[in-house]
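S.K.:
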Amino acid sequence: MSKQFDVVVIGGGPGGYIAAIRAAQLGFQVACIDEWKNAEGGPAPGGTCTNVGCIPSKALLQSSEHFDHANHHFADHGISAKDVKMDVAKMLGRKDTVVKQNNDGILYLFKKNKITFFHGRGTFANAIDGGFEVKVTGKAEESIVGKQVIIATGSNARALPGTPFDEVHILSNDGALRMGSVPKKLALIGSGVIGLEMGSVWRRLGAEVTILEGLPTFLGAVDEQIAKEAKKAFDKQGLKIELGVKVGEISNGKKGVSIAYTNAKGEAQTLDADKLIVSIGRVPNTIGLGAEAIGLQLDERGAIVVDGDCKTNVPGVWAVGDVVRGPMLAHKAEEEGVAVAERIAGQHGHVNFNTIPWVIYTSPEIAWVGRTEQQLKADGVAYKAGTFPFLANGRARALGDTTGMVKFLADATTDEILGVHIVGPMASELISEAVVAMEFKASAEDIARICHAHPSLSEATKEAALAVDKRTLNF
Ligand code: FAD
Ligand code: NAI
21 MSKQFDVVVI
31 GGGPGGYIAA
41 IRAAQLGFQV
51 ACIDEWKNAE
61 GGPAPGGTCT
71 NVGCIPSKAL
81 LQSSEHFDHA
91 NHHFADHGIS
101 AKDVKMDVAK
111 MLGRKDTVVK
121 QNNDGILYLF
131 KKNKITFFHG
141 RGTFANAIDG
151 GFEVKVTGKA
161 EESIVGKQVI
171 IATGSNARAL
181 PGTPFDEVHI
191 LSNDGALRMG
201 SVPKKLALIG
211 SGVIGLEMGS
221 VWRRLGAEVT
231 ILEGLPTFLG
241 AVDEQIAKEA
251 KKAFDKQGLK
261 IELGVKVGEI
271 SNGKKGVSIA
281 YTNAKGEAQT
291 LDADKLIVSI
301 GRVPNTIGLG
311 AEAIGLQLDE
321 RGAIVVDGDC
331 KTNVPGVWAV
341 GDVVRGPMLA
351 HKAEEEGVAV
361 AERIAGQHGH
371 VNFNTIPWVI
381 YTSPEIAWVG
391 RTEQQLKADG
401 VAYKAGTFPF
411 LANGRARALG
421 DTTGMVKFLA
431 DATTDEILGV
441 HIVGPMASEL
451 ISEAVVAMEF
461 KASAEDIARI
471 CHAHPSLSEA
481 TKEAALAVDK
491 RTLNF
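Residue 313 in this note's numbering sits at position 293 of the sequence shown, and the numbers go up by one each step.
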């Protein structure tokens, strides 16, 4: 007889493993199936995020930033560091260790929460009375039954039509995170989040980086003023970004890649590079899921169709994370996972899509929550704006990192915070205060009246809130 579970989770990325933990906390018998393999063929739960996404990219961003500081900023502090060298193999080894620590941490959490983990692929076999039969294929093959199933199968990198990833010259995020040496010339297509983060890593290590972007605007989803400030900083660093291009034929030869494209002026160009990273977005992953076996509805992009509560068209089957609509972010996947587990338990799980923070971990970092100035204009909302530059912040000066600003957007009548946008040092950490404030429907005045430690970067947040009422104290 098949093993029976209250909840079967397919996929062990941030959406899946967190849903499994929350369901177990709520007293359910839970199984989680994940097929990711480490180099030795063993289990590597954590999904894209842990294996080829958030965690390894941040490890490389950190290593490359240290290298950049040693080369370019130590001297400002009176530290001389001559002949600074980067051992790429060691850097990649460290990154792999960080990844493994996270994989092992999740396996430990499964044990701690008495979640049965299956290493293999989960495929719907059929709907049966009171649940769903899911076939697990991997080292061991078996069928399990879940009264409820949560799908969290994530996403894969989108390839350019006719240009498959070979992970030698034409790289997805996977290959981008394990180049064995620094390419002399690196091309990227797509100046979104991955393009900027990966472009930054390899530029800091010495590659000549060119990013080709199809849209005429830089970071269109980001507040225009913030995007402009970030672009200025990237230009200064030598990160070459060409906007409004149309990519044509890509030839993949023995020595590298040649990319034909038309620039914004309509002129035909060719870019030769040793490696090409294609970072043009991601596609939801339902490969091998057996969606058809239970009549699961997918949309034209291949995403699983869900309602606001992550319910699919099949009662008892839920889906969360990158495989459904909404931003492809690890913390969004986690929030949905928690909310679904709570809904299964009859509770009122909730995800506030208006307060999901975004962070781009470049230097300067870019982080935001809520609406941008251009969105408020388009929505016809009357607003007040307040900005404060890090140049006027004592801690930023002491750190030697004064690029950027904090920007508040508040309702013109009620003063409620509608959006907070940051470009600058530690924006990823600073944005949390804004998220909390927006969750509690705080006004800009609320933040302006809260005591912030001195000297700290968070004083720039307080000052930007004060700026909404045109009464900054230090600028
Ligand atoms: P995934 O993490 O993709 O996990 C899905 C899991 O399901 C995988 O392990 C997969 O093997 C498994 N699976 C799929 N099908 C089956 C099946 N049939 N049976 C069994 N297992 C299956 N987001 C952030 O918030 N912050 C960041 O800094 C960040 N950095 C990123 C950097 C890069 C380079 C990339 C590519 C992404 C980054 N993201 C980041 C996005 C983030 O990784 C995703 O939003 C997140 O991983 C989505 O979680 P998920 O659980 O939905 O899916
Ligand atoms: P993206 O959506 O962020 O950026 C893709 C870029 O490619 C866009 O600017 C788009 O206009 C451009 N583009 C698309 N097709 C093109 C073409 N044919 N030619 C030229 N340009 C083209 O996608 P990306 O960078 O691949 O990342 C995927 C997702 O992964 C992100 O949207 C994000 O959800 C997640 N991610 C999150 C990170 C974070 O939170 N720090 C880090 C990395 C990824």
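Even glycine gets a Cβ: it sits at the ideal position worked out from N, Cα and C.
Please specify which runs of the beta strand (DSSP E), each continuous and at least 3 residues long, are wholly inside the stretch 83–108, giving them in chain order.
M.R.: Qualifying beta strand (DSSP E) stretches: none in this window.
S.K.: In terms of alpha-carbon separation, which member of Phe25, Ala288, Glu244 and Ile231 lies closest to Leu263?
M.R.: Translated into positions along the sequence shown, residue 263 becomes position 243. Of Phe25, Ala288, Glu244 and Ile231, the residue nearest in Cα terms is Ile231.
S.K.: Have a look at Lys352 and Val371 and give me their C-alpha separation to the nearest angstrom.
M.R.: As a first step, residue 352 is located in the sequence shown; it is residue number 332 there, counting from the start. As a first step, residue 371 is located in the sequence shown; it is residue number 351 there, counting from the start. Between Lys352 and Val371, the C-alpha separation is close to 8 Å.
S.K.: Any heavy atom of the ligand FAD inside 7 Å of the beta-carbon of Ile30?
M.R.: Translated into positions along the sequence shown, residue 30 becomes position 10. Under cutoff, so the answer is yes.
S.K.: Using the beta-carbon count (16 or more within 10 Å), is Gln496 buried or exposed?
M.R.: Residue 496 lies beyond the residue range present for the chain, which begins at 21 and ends at 495; the question has no answer from this structure.
S.K.: Any contact between the stretch 183–200 and the stretch 271–282? By contact I mean 3 or more CB pairs, one from each, below 8 Å.
M.R.: As far as the Cβ criterion goes, the stretch 183–200 touches the stretch 271–282, which means the pair count is three or higher.
S.K.: Going by DSSP, which residues form a beta bridge with Thr173?
M.R.: Taking the sequence shown and counting its residues from 1, the one referred to as residue 173 is at position 153. According to DSSP, Thr173 bridges with nothing at all.
S.K.: Using 8 Å for Cβ pairs, my map puts Asp96 next to Gly420. What's the rounded Cβ distance?
M.R.: As a first step, residue 96 must be located in the sequence shown, where it is residue number 76. As a first step, residue 420 must be located in the sequence shown, where it is residue number 400. Right, their Cβ atoms sit about 6 Å apart.
S.K.: For Asn122, count neighbouring Cβ atoms within 10 angstroms of its own Cβ and tell me buried if that reaches 16, exposed if not.
M.R.: The residue labelled residue 122 in the question sits at position 102 within the sequence shown. So Asn122 ends up on the buried side.
S.K.: Tell me the DSSP secondary structure of Asp292 in three-state form.
M.R.: Position 272 of the sequence shown, counted from the start, is the residue given in the question as residue 292. Of the three classes helix, strand and coil, the one that applies to Asp292 here is strand, per DSSP.
S.K.: Which residues in the same chain have their Cβ closer than 7 Å to the Cβ of Ile38, if we skip the five residues on either side of it in sequence?
M.R.: The residue you call residue 38 lines up with position 18 of the sequence shown. Glu354, Gly357 and Val358, listed in sequence order.
S.K.: Determine the contact status of Arg321 and Val303, defining contact as a CB-CB distance below 8 Å.
M.R.: Stepping through the sequence shown from its first residue, residue 321 is reached at position 301. Stepping through the sequence shown from its first residue, residue 303 is reached at position 283. Against a cut-off of 8 Å, the Cβ pair of Val303 and Arg321 comes out as a contact.
S.K.: Given a threshold of 16 other Cβ atoms within 10 Å of its Cβ, counted over all protein chains shown, does Asn494 qualify as buried or as exposed?
M.R.: Locating residue 494 in the sequence shown gives position 474, where the first residue counts as 1. It counts as exposed.
S.K.: Assuming Phe410 contacts Gly444 under a Cβ cut-off of 8 Å, what Cβ separation, rounded to an integer in Å, is found between them?
M.R.: Taking the first residue of the sequence shown as 1, we reach residue 410 at position 390. Taking the first residue of the sequence shown as 1, we reach residue 444 at position 424. Right, the Cβ-Cβ distance comes to about 5 Å (below 8 Å), so this counts as a contact.
S.K.: Express the C-alpha separation of Cys330 and Val344 in angstroms, rounding to a whole number.
M.R.: Against the sequence shown, residue 344 aligns to sequence position 324. Against the sequence shown, residue 330 aligns to sequence position 310. Spanning the two alpha carbons is a distance of roughly 8 Å.
S.K.: What does a CB cutoff of less than 6 Å around Asn497 pick up in its chain, not counting 5 residues either side in sequence?
M.R.: The first residue shown for the chain is 21 and the last is 495, placing residue 497 beyond what the model contains.
S.K.: Between the stretch 287–307 and the stretch 142–159, do three or more beta carbon pairs fall short of 8 Å?
M.R.: Touching, no, given that fewer than three Cβ pairs across the two stretches are closer than 8 Å.
S.K.: For Asp186, which of Ile297, Ser163, Val440 and Gly174 has the nearest alpha-carbon?
M.R.: Looking up residue 186 in the sequence shown gives position 166. Of Ile297, Ser163, Val440 and Gly174, the residue nearest in Cα terms is Ile297.
S.K.: Grab the span of the alpha helix (DSSP H) containing Cys69 for me, first residue to last.
M.R.: Taking the sequence shown and counting its residues from 1, the one referred to as residue 69 is at position 49. Counting along the chain, the alpha helix (DSSP H) containing Cys69 begins and ends at Gly67 to Val72.
S.K.: To the nearest angstrom, report how far apart Met106 and Ile442 are at their CA atoms.
M.R.: Numbered from its first residue, the sequence shown carries residue 106 at position 86. Numbered from its first residue, the sequence shown carries residue 442 at position 422. Distance between the alpha carbons of Met106 and Ile442: 31 Å.
S.K.: So is the beta-carbon of Trp222 under 7 Å away from any non-hydrogen atom of the ligand FAD?
M.R.: Working through the sequence shown from its first residue, we reach residue 222 at position 202. Checking the Cβ of Trp222 against the ligand FAD gives no.
S.K.: Give the straight-line distance between the Cα atoms of Ala487 and Gly406, rounded to the nearest whole angstrom.
M.R.: The residue labelled residue 487 in the question sits at position 467 within the sequence shown. The residue labelled residue 406 in the question sits at position 386 within the sequence shown. The straight-line gap from Cα to Cα measures roughly 4 Å.
S.K.: Helix, strand or coil for Phe185 per DSSP?
M.R.: Numbered from 1 along the sequence shown, position 165 holds the residue referred to as residue 185. It is coil, neither helix nor strand.
S.K.: Given a threshold of 16 other Cβ atoms within 10 Å of its Cβ, counted over all protein chains shown, does Asn374 qualify as buried or as exposed?
M.R.: Position 354 of the sequence shown holds residue 374. Flag for Asn374 reads exposed.
S.K.: Classify Ile126 as buried or exposed, calling it buried when 16 or more other Cβ atoms lie within 10 Å of its own Cβ.
M.R.: For the purposes of this step, residue 126 is taken as the residue at position 106 of the sequence shown. Its Cβ being crowded by 16 or more others within 10 Å, Ile126 is buried.
S.K.: For the ligand FAD, is there a heavy atom less than 7 Å away from the beta-carbon of Val72?
M.R.: Locating residue 72 in the sequence shown gives position 52, where the first residue counts as 1. Yes, since a heavy atom of the ligand FAD falls inside the 7 Å radius drawn around the Cβ of Val72.
S.K.: With which residues is His139 paired in a DSSP beta bridge?
M.R.: Here residue 139 is taken as the residue at index 119 of the sequence shown, counted from 1. Looking at the DSSP assignment, His139 forms a beta bridge with Asp54.
S.K.: Considering Cα atoms alone, identify which of Ala473, Ser452, Thr481 and Gly113 is closest to Ala464.
M.R.: Position 444 of the sequence shown holds residue 464. Measuring from the Cα of Ala464, the nearest candidate turns out to be Thr481.
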